[in-house]
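Peer 1: Sharing a structure below in structure tokens format, with a few things to ask.
Number of protein chains: 2
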Amino acid sequence: MSDVARLAGVSIKTVSRVVNDEPGVHPATAERVLAAIDQLGFRRNLGARNLRRGSSTGTIGMVLEDVGNPFYSGITRAVEEVARQYGRQVLTGSSDEDPSRERELALEFCARRVDGMLVVPAGMQHGYLVPEMRAGMPVVFLDRPAGDVVADTVLVDNIGGTVLAVRHLAAHGHTRIAFLGDAPDIFTANERLRGFREGCVRAGIRYDEDLVAMGPHDERGIAEVLRRIAEHRQPATAVVAGNNRITVHLLRVLAGRPHRPALVGFDDFELADLLDPPVTVIAHDASAIGKAAAELLFSRLDGDTSPPRRVVLPVRLVPRGSGEMRPS
Amino acid sequence: MSDVARLAGVSIKTVSRVVNDEPGVHPATAERVLAAIDQLGFRRNLGARNLRRGSSTGTIGMVLEDVGNPFYSGITRAVEEVARQYGRQVLTGSSDEDPSRERELALEFCARRVDGMLVVPAGMQHGYLVPEMRAGMPVVFLDRPAGDVVADTVLVDNIGGTVLAVRHLAAHGHTRIAFLGDAPDIFTANERLRGFREGCVRAGIRYDEDLVAMGPHDERGIAEVLRRIAEHRQPATAVVAGNNRITVHLLRVLAGRPHRPALVGFDDFELADLLDPPVTVIAHDASAIGKAAAELLFSRLDGDTSPPRRVVLPVRLVPRGSGEMRPS
DNA sequence: CCGAGGCTCGACAACGTTGTCATGATGGCG
DNA sequence: CGCCATCATGACAACGTTGTCGAGCCTCGG
């Protein structure tokens, strides 16, 4: 900036005035300054600006599990959209379901003085965020609640969704239904298991632990589970898959088998409608989660100090065929 | 920081020494300082630190078309991975194929003094980056080359891929092949069209403009194009789809039709193998693109000053069935 | 007992920017 | 012509941090 000032024959303060469109600069002077800026390729240093003004950095941080997962990238996109409306940039980082990595990322964002943070919790301990939150940094948790702090949270109706799935299968005559979920220490996985159990109760079906597997989420593991379930004295005729990854892997394992169980998957996914049979799912909108969370965050930044909110977004069952098969 | 100093009864410089693990602080003093830091929830301000040290901000910027598109989110993930190895955070922004938005995002990143930038060009003008590049900021272009600056670029073999696709279809007896591509002002779309034409020449097939449609990339538009092509005196018996979005929309339009053309799609996509028939694609690895680009960027940051490189990543044809159908 | 040298620690400036205030020039008005 | 308001501009401090340098103290060898 001092280079620009020297070249234009003015003081740095005048340059500052020009780049900030402040009034009280003679048009001819402004012209000279702009020419100098152009010639030198000057770009003001936002870091220094924010430091001096004590204003916001114009960034928000987002810690999620894996940007590469379409579910989270849909969320990211929606967040970016909202952030743009509010003139903020988004810093993202993937925790890979590792609590210490989540913490590391979040603290790094804090050190960068983000205006607010969106977190998909990987662990159950979030006490490390308390100092920042007390200092006024809003934090919104997405998809899963925080372990040990009260804060705004945006979830989907995991229990209600799985109840729907079981009811749907039961309505088509299934009485032996299996549940394949993710590791039980993941909040959503656990909730969906609870929903599964409650769905069984409501549908008057016996809940059988032998038909439940939590954890395996690769093809090998799922094939193994399926084999075990098939060998049961009373095998399952239908399966509820606990998330989009599991559904996809399950489909791959089942591909080409003559006898396929009925299936309802949690999470919608692209091309589910074009498979054979089309896959019935519990659908919810990733971008709606991102949008709700981001808007909640920005309302806090706008000064909303009401008590922490817990938003639970609705899910809906999309019948496509795979859940409508009758037990053979 | 001065609060911490006051509370610990030391000067701010000593606090600085403690948070930076500098030697020469008495253990007892350090203890007091750490206690004060903990009590006050102090977190050092990275912005001020970077300003003072004149060092890098530890961030890189990434402008792409849409984080929500699995192709780009795969790239993003790979970039994040590499950035992490080099201790950098990633700022992302979606241009939505809008050149002015791309420019706005890129300049914003510059103002934040990112150490380097990855850009999926939306437009053809990148002169606005010249001042920063001259000032030493490395820029790597991904997926498409820059319009008017020479810089590192990572591409996939668009032409070779489409040539492969045509050869594959021709080998199965097709002589009337259609090409559905994206808008021709998009580099990849145009390259793939060139590859299509060259593929026709090499396979001894007549290149017929009536069977080419560039631009429509929603279901409605694609249905319309298909209708037009089907009404041709010599209709197409096979289609090459120019990218993953077009392939998916095309599949949806074709779903349930009795007579379906053979199909090869550019870009692989999840579940392509489970469709009926499974979709033959020209596959390339999104994460390989991101990895290559990020590594190129960091090699520049490490001081590599060799002339700009153009990396062209290979593609391969994955035969799955949809391209192996013979003309009826 | 003195000086050298090591160990702790603090005062100060500086990074690039902007807010505050002061300065000088200009113009209008009585 | 003198006064005051207005305009255009600059000098300076400050944001939170760290690099430089020097001060004070203690220890140890001569």
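Protein sequences, first through last, are from chains A and B.
The numbering of the first sequence is this note's numbering, which starts it at 1 and goes up by one.
The numbering of the second sequence is this note's numbering, which starts it at 1001 and goes up by one.
Using N, Cα and C, we set each Cβ at its ideal position, and we do this for glycine too.
Source: prediction; values computed, not measured.
#1: Are the beta-carbon atoms of tyrosine 72(A) and arginine 103(A) separated by less than 8 Å?
#2: At which residues does the alpha helix (DSSP H) containing valine 18(A) begin and terminate?
#3: So, helix, strand or coil for leucine 301(A), using DSSP?
#4: Please confirm whether aspartate 3(A) has its beta-carbon closer than 8 Å to some beta-carbon of chain B.
#5: Measuring CB to CB, does methionine 117(A) end up less than 8 Å from glycine 58(A)?
#6: For threonine 305(A), does the count of other Cβ atoms within 10 angstroms reach 16, so buried, or fall short, so exposed?
#7: Can you give the Cα-Cα distance for glutamate 1198(B) and valine 1279(B), rounded to whole angstroms?
#8: Kindly indicate which residue of Ile159(A), Gly221(A), Val149(A) has the alpha-carbon position closest to the one of proline 308(A).
#9: In the segment 80 to 144 of chain A, which residue ranges form an unbroken alpha helix (DSSP H) of at least 4 residues, counting only runs that do not cross its ends?
#10: Assign alanine 1035(B) to buried or exposed, taking buried as 16 or more other Cβ atoms, counted over all protein chains shown, within 10 Å of its Cβ.
#11: What's the gap between the Cα of valine 1156(B) and the Cα of leucine 1211(B)?
#12: Determine which residues of the segment 59 to 74 of chain A have a Cβ less than 7 Å from any Cβ of chain B, and write them out in chain order.
#13: Which runs of the beta strand (DSSP E) fall wholly inside the segment 191 to 271 of chain A and span at least 3 residues, in chain order?
#14: What did DSSP end up calling arginine 309(A) once you bin it into helix, strand or coil?
#15: Which word fits glutamine 234(A), buried or exposed, when buried means at least 16 other C-beta atoms lie within 10 angstroms of its C-beta?
#16: With a CB to CB cut of under 6 Å and the five nearest residues on each side skipped, what residues in its chain are close to leucine 250(A)?
#17: By the criterion of Cβ-Cβ separation under 8 Å, what are the contact partners of aspartate 1304(B) in chain A?
#18: Pick helix, strand or coil for isoleucine 1159(B), following the three-state DSSP scheme.
#19: Does DSSP classify leucine 329(A) as helix, strand or coil?
#20: Would you check if the distance between the CB atom of leucine 999(B) and the CB atom of alanine 111(A) is smaller than 8 Å?
#21: Find the residues of chain B that neighbour glutamate 80(A), judging by a C-beta separation of less than 8 Å, and give them in chain order.
#22: Ignore the nearest five residues each way along the sequence and tell me which others in leucine 7(A)'s own chain have a CB closer than 6 Å to its CB.
#23: Let me see if you follow: with CB-CB separation under 8 Å, is arginine 1077(B) close to chain A or not?
#24: So, do the segment 77 to 86 of chain A and the segment 164 to 182 of chain A have three or more beta carbon pairs nearer to each other than 8 Å?
#25: Using the beta-carbon of each residue, which ones in chain B are nearer than 9 Å to alanine 276(A)?
#26: Just to confirm the assignment, what range does the alpha helix (DSSP H) spanning threonine 1029(B) have?
#27: Starting from arginine 49(A) and walking both ways along the alpha helix (DSSP H), at which residues does that stretch end?
#28: Compare the beta carbon distance of glycine 1161(B) and glycine 1195(B) with 8 Å and say whether it is the shorter of the two.
#29: Exposed or buried, what is methionine 124(A) when buried is set at 16 or more other beta-carbons lying within 10 Å of its beta-carbon?
#30: Beta carbons nearer than 7 Å to chain A: which residues of the segment 1036 to 1055 of chain B have them?
#31: Using a 10 Å radius around the Cβ and a threshold of 16 neighbouring Cβ atoms, would you call glycine 1369(B) buried or exposed?
Peer 2: By the coordinates alone:
#1: A distance of 8 Å or more separates the beta carbons of tyrosine 72(A) and arginine 103(A).
#2: Per DSSP, valine 18(A) belongs to the alpha helix (DSSP H) from 12 to 19.
#3: Note: leucine 301(A) maps to helix in three-state DSSP.
#4: No - not a single Cβ of chain B is within 8 Å of the one on aspartate 3(A).
#5: Judged by beta-carbon spacing, glycine 58(A) lies beyond the 8 Å limit of methionine 117(A), meaning their Cβ atoms are not closer than that value.
#6: Under this definition threonine 305(A) is an exposed residue.
#7: Using only the alpha carbons, I get a separation of about 23 Å.
#8: Minimum Cα distance to proline 308(A) is reached at Val149(A).
#9: Taking only runs of at least 4 residues, the alpha helix (DSSP H) segments lying wholly in the segment 80 to 144 of chain A are 99 to 111, 130 to 134.
#10: Alanine 1035(B) is exposed by the Cβ-count criterion.
#11: Distance between the alpha carbons of valine 1156(B) and leucine 1211(B) is about 25 Å.
#12: Answer in chain order: Asp66, Val67, Gly68, Pro70, Ser73, Gly74.
#13: Taking 3 residues as the shortest admissible run, the segment 191 to 271 of chain A contains the following complete beta strand (DSSP E) segments, listed from N- to C-terminal end: 212 to 214, 238 to 241, 262 to 266.
#14: Residue state, collapsed to three classes: coil.
#15: By the 10 Å Cβ count, glutamine 234(A) comes out exposed.
#16: Scanning its chain for C-beta atoms nearer than 6 Å, with the 5 sequence neighbours on each side dropped, one finds around leucine 250(A) the residues Ile222, Ala241, in chain order.
#17: Those do not exist, as aspartate 1304(B) stays about 23 Å from chain A at its closest Cβ, beyond 8 Å.
#18: Helix at isoleucine 1159(B).
#19: Because chain A in this structure spans residues 1 to 328, residue 329(A) falls outside the shown range and cannot be described.
#20: Since the first residue shown for chain B is 1001 and the last is 1328, residue 999(B) is missing from the structure and cannot be characterised.
#21: For glutamate 80(A), the residues of chain B that pass the 8 Å Cβ criterion are Val1067, Thr1092, Gly1093, Ser1094, in the order they occur in the chain.
#22: The residues are Ala36.
#23: At least one chain A Cβ lies under 8 Å of arginine 1077(B).
#24: These segments do not touch.
#25: Reading off the sequence shown, one finds aspartate at residue 276(A), where the question assumed alanine. Near aspartate 276(A) (Cβ distances below 9 Å), the residues of chain B are Leu1274, Leu1275, Asp1276.
#26: From DSSP, the alpha helix (DSSP H) with threonine 1029(B) extends over 1027 to 1040.
#27: Where arginine 49(A) is concerned, the enclosing alpha helix (DSSP H) stretches over 46 to 53.
#28: Yes, Cβ-Cβ distance for glycine 1161(B) and glycine 1195(B) is below 8 Å.
#29: Per the 10 Å Cβ criterion, exposed.
#30: Those would be Gly1041, Arg1043, Arg1044, Asn1045, Leu1046, Gly1047, Ala1048, Asn1050, Leu1051, in chain order.
#31: No answer is possible for residue 1369(B): it lies beyond the span of chain B, which begins at 1001 and ends at 1328.
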